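Following: one structure in structure tokens, then a few remarks.
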Amino acid sequence: MEERRPETPAELNGAATVFVVLGKQLRLLREKAGLNQREFGVLVGYGPDQISAMERGVRTPRPEFLRKADEIFGADGLFIEVIPQVEEAMSRARTRHPEWYRSYASMEAEAVELHHYSNHAVQGLLQTESYARAVFAKRRPFLSEETIEKRVADRLSRQQVFERLPPPVASYVLEEVVLDRPIGGPRVHAEQLRRLLEVGSMRNVEIQVMPTRLQEHPNMDGAFNLLVPKGHPQVAYTEIQGFPRLITDREEVRKIADRYGMMRAMALPPLESRGLIEKKLETL
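Below is the structure:
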């Protein structure tokens, strides 16, 4: 069965061509300045995956990014001129995910709190572009190349939630095995660990590691997400073998939130977790 392709925010208001052209201009000026994507990302406060997505026109550049880029490249207002179109696209944006996922994705985009427990792989909002592509490429049954690229772009677009002002309060509990599984190979694995350190340094984000050595565990039922939508009670989301479930029953959500609280108490504190991630990165 062919997967329905959701519209991108740019397609919805007819601005897709603008962002493709804008991305090409960014790439040309970056290369002219002698900067690679990582070096340019450091100057504007973005990772190389985010820069890549913007240069390919699959990620909407935020106004503050365009102002910085205009200044760095001496573009004489080239990027500032399109800010009104960018803001219009963002205000009219819809989520870019399969229909069954859209109700959760729309809440995630506006959530005031995000909490996640991961036991097999790095959670989507923390994934690098290369890591996400490796995850989708190895999925069974195989996905088409077009579907893989679309899902990678959709996953990167979700990460703009960290750039929102004010940003959401976010916490993550990762099983230690998630840090040890080299999805995509050594280079992709190392890049992903560096990404965890980068996101974990944000003031609104806490990342904790659940050590494998612990003999007890309050949750053996799999990964889950907890979020507090703007103006609404907390909800939970699970996905098992391709079957998604958005949980809104307050008692069920309370039980999951209670287990998450116990896991945060048992996991390594954020500073110790960061130290562990750095040690694992040094051994690669």
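All residue numbers for the sequence shown refer to our numbering, where the first residue is 88 and numbers rise by one. In this text, a Cβ means the ideal position worked out from N, Cα and C, and glycines have one as well. These numbers were taken from a predicted model, which means no experiment stands behind them.
Near L122, what residues of its chain come up, given a Cβ to Cβ distance below 6 Å and the 5 sequence neighbours on each side ignored? none
Spatial neighbours of A198 within its chain, please: CB distance less than 8 Å, with the 5 preceding and 5 following residues excluded, ordered by chain position. V248, P255, L314, V315, P316, K317
On the CB-based measure, 16 or more other CB atoms within 10 Å of its CB, does I327 come out buried or exposed? exposed
Please confirm whether P135 and R146 have their CB atoms less than 8 Å apart. no
Rounding to the nearest angstrom, what Cα-Cα distance links P320 and R251 in this structure? 20 Å
Quick one: grab the DSSP three-state call for Q379. No information on residue 379 is available, as it lies outside the stretch 88 to 371 that the chain covers here.
Sufficient close CB pairs (3 or more, under 8 Å) joining the region 324-339 to the region 348-358: no
CB R346 to CB P305, shorter than 8 Å? yes
Using the Cβ count rule (16 or more neighbours within 10 Å means buried), how would you classify S231? exposed
Cα separation between E175 and Y324? 30 Å
Chain-order list of residues whose beta-carbon lies under 7 Å from that of V107 (same chain, five-residue window excluded): G144
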